[in-house]
Amino acid sequence: MASETNVVEADALGDEIAELEEQIAATKKQLKIQASTIIASIPSQSLVKESSRSRSKNNKKLLKGLQGQETHQQQCLHRICNPVTAFKVHDPDPNAVDDGHVLGLRFEVMSRSQFLKPYYVMLNRPYSKFSALRVHRHTLPSAIPLAGLAARHLPAPKPEDGNPPLQDLDQFVRTLRREIIRYHNRLGISADLRRALGLHQVTEEDTEPTSIVEVGIADIEAKQIKLTWADERHGRLVMDDDGKVTKFSVFGVDGRDWETTKSLFDRPQRIEEVVEKLKQSSTS
Amino acid sequence: MARLSVPNTARLPSSVRVDASTSAVVKSLNRLTRESLISLALDWLDESAFPNSTPFLRARMSEEEEEEDNDEDSEDIYPPARTVEDLRQLYEDMRQQKGSKRDVVSRILEGDWRHGLTLYQLAMADFAYLDEHPTSQKWNAYQILPLQKPSHTEDEQLLKVDKESLQAPRFHPSTFLQNLQDQVLPDVKAHYHFHRLQEFPLLLLRIFVIDSPYNSALALSSLDQSGTVTNFDASRTVYLAFPDGSPSIYTTKSQGTGSAGTGESRSLQNLIIDGVPKALSRPMERYTVKSTGITTRNLTALLDMKGPGRGNAAGGGWSIYSDEKNKQSPLDAMLPTPPGSREQSASTSSRKRGAPLTQSQRDRKRARAAAQSRFGDSASISDGKGIERFEVVLQDPFPVTSRNLPALEENQEEDSEDGETQGRINRRRSKVESVLQQAVQDIDDMDDVNEVDTSSSHWTPMLKVTFSGPHVFAGIRQLVEAGIIDGKRMPGWMTGEETVTKGVVHRGRIRGYKGSGI
């Protein structure tokens, strides 16, 4: 009997401890948010700076926190205003080239008015005679032709060559960012289409034969969109780099469906226009 | 008179039956669990699969025969069902009941499909096994690279990889299959089956190859006209996997069901690897495949290292940049916590409570921090991305400088068979170190990727190090955390940041910048 009550008590205590720990974590997070908000406000900043003459321990800590907050805010401001920001990284590998100096590039991507996780490209200088850059690490998806762009704009010098080829970091970054944004826009188009057709939530009952039931990306670069209608027609849409639809075809059960193809796509046009037509044809 | 069968290059149709008593058929069913066998049988009875997996039904017999058969029915353990619905119901009932796996296997082989399983059914059985055991195959990863466009001035030229190309190869399953079929010689017949695994974003292609000129049931007949050769036993199976959104391809080594020679299976492997780029290519758009030096059984790890995500060229400690969870929006005004700070805060609170840390505790903490800084959040034992084998060949000259010392010491630990050389190495190190340190430093100073190795005069043994275990890099991380490996001086390739499983180490780095793939 006694042991049973003990177990029950221990369980209750354990629950209580877990609950309290949760509270502590929540409060700590709250405290952090409040602290950073207070320290970031201009009046409090000026207050801290004014009282910086008194060299108490607390004051030093406050100043340090203020400095950290200021640099962080500056970094955030740069990241908000510039789509590409650079930073310095130290390669922890003891055998790293160039004493582990690495130039990091941060490419911001946005989707539906939110910042996504940025893409990173790390460059180092492995050549002793030249200060040429080379891609060291990156977090880009395979759809971005990084290798091709690097070969075009950051050509590697050859040791026998007297004057190495010129590297154009600026152009490299520009074209790379362009490719990233294009890729994300293409991804966004198919996501928009899916959302507009109401495919993100599964509904079984209201499937008319003319409605599109499936929208998918069909290739690596997200340049092709695969469409499936409820009556087993399927179509393929091909766009070029700039989002212009170049090819569009619909196949029915018995061969090509020229009518639907013509009604949706009669001349080269923007992907957005085709998406609009698809929406109308699917909902009507 | 026998029907005339003309050898051609067509593929084997899915509806070709294999005798149900063939040992390979029995084996491939026996390795499945009871549940998956039943669901497989139900899949075969589905309308869409029906033409390729027709069961043995009573309705086939004429009525007269049926009356005669009535006597035999008592002896038949599995009397044939009348309709497909009956069979479906039967298997549904079996799913509810408990029973042994053997019952289901014998019911399939001796009852409902006693006239043989089709190639389609065998392919589905193999994929069901792969769904259950995703690590049962060893995968090699290849990268698909574009080739330069042939110029019209030269006729016979070896096409080079077009490094400046911005194209990504496009994969279309049916076109690919058609082109691949064109590469197959007429004296070999193959059966193809596409499948999507449940948990992985991959499209799998199973290629089942038989040495036979016929594309009818003759190809699979267990007894040839001469009465000796069994074709089915000489068959081989190869899997190709196409990851979604990544210009790479994974293959397995071919597996023979019978006693096919290893040389033969390798030539088939090469044949397929040669055929794949041709099948992917289109007019004015040619591709080649290049080995990436990744071989693993773990598909999750493979998709992480050569897949559609961010981790292709940012392994090891660099994974903090590719980690999707760690999302830092610039609109978030809160100061980010630098990595490793959580442990620090935990330790400060403990210090407040208790006595100051002892030396060993402090060392432990430092080792942990070093591991965190080198591995980031990667290489934890529970992340399911473990590779089981990591091989490197060290091409560095032997003299041990303070920089690559830990690497070599580690090698000694791993290569337990070289235990007796350790004493010699220590002696040699002390003698040669002072002389050669300068030379090595000179090499380091003019460090250049393109430069020829000038240190050939120094003793450079061929040293191959193989790490093996369930999760190699998690193991190395644990050694760092335990303080056995010095985390600060450990070479970068030991963290797995190059995202390869095979490589050549030169000047402490894996040659060829495997990770960035450039």
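Listed in order, the protein sequences are those of chains A and B. For the first sequence, full-length UniProt numbering gives the first residue as 1, with consecutive numbering after it. For the second sequence, full-length UniProt numbering gives the first residue as 1, with consecutive numbering after it. Where is the CB? At the ideal position from N, CA and C, for every residue including glycine.
By the rule that beta-carbons nearer than 8 Å mark a contact, A367 of chain B does not touch chain A. Taking every protein chain shown into account, the CB of G384 of chain B has fewer than 16 other CB atoms within 10 angstroms, so this residue is exposed. Between the C-alpha atoms of F176 of chain B and S39 of chain B there is a straight-line separation of about 30 Å. Per DSSP, Q167 of chain B lies in no alpha helix (DSSP H) segment and is marked neither H nor E.
For the options B:N270, B:D486, B:V26 and B:T118, the alpha carbon positioned closest to that of R374 of chain B is the one of B:D486.
Partner residues in a beta bridge of P283 of chain B, as assigned by DSSP, do not exist. Exclusion of the five residues before and after V89 of chain A leaves V102, G104 and M122 as the residues of its chain whose Cβ lies within less than 7 Å of its Cβ.
Where T237 of chain B is concerned, the enclosing beta strand (DSSP E) starts and stops at R236 to P243. Straight through space, the alpha carbons of Q198 of chain B and V472 of chain B are spaced by roughly 26 Å.
G317, W318, Y321, S322, E324, K327, S329, P330, L331, A333 and M334: these are the residues of the region 317 to 334 of chain B whose beta carbon lies less than 7 Å from some beta carbon of chain A, given in chain order. Close to chain B, meaning a Cβ-Cβ distance shorter than 7 Å, are the following residues of the region 220 to 247 of chain A: I220 and E221. With the rule of 3 Cβ pairs closer than 8 Å, the region 134 to 151 of chain A counts as touching the region 114 to 121 of chain A. Annotation for G252 of chain A: the continuous beta strand (DSSP E) segment containing it runs K244 to G252.
Using a CB distance below 9 Å, the part of the region 295 to 314 of chain B facing chain A consists of K306, G307, P308, G309, R310, G311, N312, A313 and A314, ordered along the chain. Here the alpha carbons of A132 of chain A and L166 of chain A stand approximately 9 Å from one another. In terms of Cα proximity to A301 of chain B, the closest of B:G316, B:R489, B:I320 and B:Y287 is B:G316. Identification of chain A residues near P247 of chain B by a Cβ-Cβ cut-off of 7 Å yields S142 and I220, ordered along the chain.
As computed with DSSP, R509 of chain B is found in a beta bridge with B:H506. Per DSSP, the continuous alpha helix (DSSP H) segment holding P43 of chain A begins and ends at I42 to E50. Cβ neighbours of S53 of chain B within its own chain (closer than 7 Å, five residues either side excluded): W44, T118, Y120 and Q121.
Around the Cβ of N6 of chain A, a 10 Å sphere holds fewer than 16 other Cβ atoms; the residue is exposed. Where M122 of chain A is concerned, the enclosing beta strand (DSSP E) starts and stops at Y119 to N124. Taking 8 Å as the CB threshold, A371 of chain B stays off the interface with chain A. For chain A, the residues of the region 159 to 178 of chain B that bring a beta carbon within less than 7 Å of one of its beta carbons are K163, E164, S165, L166, A168 and R170, in chain order.
When secondary structure is reduced to three states using DSSP, R88 of chain B falls in the helix class. Proximity to Q148 of chain B across B:A10, B:K138 and B:L166 peaks at B:L166, based on C-alpha coordinates. Its Cα nearest to that of R282 of chain B, the residue B:R170 stands out among B:D112, B:R170, B:K98 and B:D19.
In the three-state scheme derived from DSSP, where H, G and I count as helix and E and B as strand, G99 of chain B is classed as coil. For S468 of chain B, the uninterrupted beta strand (DSSP E) segment begins and ends at L463 to S468. R256 of chain A and G235 of chain A have their C-alpha atoms some 10 Å from each other. Within the same chain, Cβ atoms closer than 7 Å to the Cβ of K502 of chain B are found at G293, T295 and E391, the five residues on either side in sequence being excluded. Judged by their CB atoms, A367 of chain B and G483 of chain B are nearer to each other than the 8 Å cut-off. Under the three-state reduction of DSSP output, M305 of chain B falls in the helix class.
If you check each beta-carbon in the region 88 to 107 of chain B against every beta-carbon of chain A, none falls closer than 8 Å. Annotation: Cβ neighbours of R374 of chain B in chain A (cutoff 8 Å, chain order): P92.
Cα atoms of I42 of chain A and T71 of chain A: separation of roughly 15 Å, rounded to the nearest angstrom.
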